[in-house]
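*Asks:* Just so you know, the working numbering puts 57 at position 57 of the sequence shown, and the rest follows in order with no gaps.
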Amino acid sequence: MTNKLLLALATAGMLALPMAAQAQGTIRGAAEGAEAGADAAGPVGAVVGGAVGAATGTVGGILGVDDRPRFRSYVRERGVSSYSWGGPVRVGTVLPDDGVTYYDVPDDYRVKPGYRYTVVNKQPVLVDRSRRIVEVID
Numbered sequence: 001m002t003n004k005l006l007l008a009l010a011t012a013g014m015l016a017l018p019m020a021a022q023a024q025g026t027i028r029g030a031a032e033g034a035e036a037g038a039d040a041a042g043p044v045g046a047v048v049g050g051a052v053g054a055a056t057g058t059v060g061g062i063l064g065v066d067d068r069p070r071f072r073s074y075v076r077e078r079g080v081s082s083y084s085w086g087g088p089v090r091v092g093t094v095l096p097d098d099g100v101t102y103y104d105v106p107d108d109y110r111v112k113p114g115y116r117y118t119v120v121n122k123q124p125v126l127v128d129r130s131r132r133i134v135e136v137i138d
């Protein structure tokens, strides 16, 4: 039963990925989902997590794939100081209001209003209005 489920999920994931390959965030979402799934449930979790991560990465990407390197360069050129965070820098982490400087994202990156950026542990991140990290620009 488990093998049939695994085969069905893997097939569905493989068929879905080419259709979404042009979308923003798919590859990164699949990789992050597979990693989280593997940590939680081993090989089966990796397959399921990869498929789910690809779908959510496609929907949830704030910056386009082509804009990421350019945005990293933009932040680096600004000399933005890095906030030292005691834990891993990941999507979902809520940053403090005090001690972190948040900056507006320039209009030419076509990011919806309400998102800002900062640098945490030397990694540029996008945050929403509640200071929750919504994208790590790696």
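Backbone N, C-alpha and C fix where the C-beta goes; we use that ideal spot for every residue, glycine too.
With distances taken Cα to Cα, identify the nearest neighbour of Arg78 among Tyr117, Asp66, Gly92.
*Replies:* In terms of CA proximity to Arg78, Tyr117 leads the group Tyr117, Asp66, Gly92.
*Asks:* Less than 8 angstroms between the beta carbons of Arg70 and Val136, yes or no?
*Replies:* no
*Asks:* Given a threshold of 16 other Cβ atoms within 10 Å of its Cβ, counted over all protein chains shown, does Pro96 qualify as buried or as exposed?
*Replies:* Pro96 should be labelled exposed.
*Asks:* Under the DSSP definition of a beta bridge, which residues are partnered with Pro43?
*Replies:* According to DSSP, Pro43 bridges with nothing at all.
*Asks:* Please classify Pro113 as buried or exposed, where buried requires at least 16 other C-beta atoms within 10 Å of its C-beta.
*Replies:* Residue burial is scored here from C-beta neighbours: Pro113 has fewer than 16 other C-beta atoms within 10 angstroms and is therefore classed as exposed.
*Asks:* What are the boundary residues of the beta strand (DSSP E) that Pro124 is part of?
*Replies:* Note, Pro124: beta strand (DSSP E), 123 to 127.
*Asks:* When the Cα of Tyr74 is compared with those of Arg129, Glu35, Trp85, Asp107, which residue comes out closest?
*Replies:* Asp107
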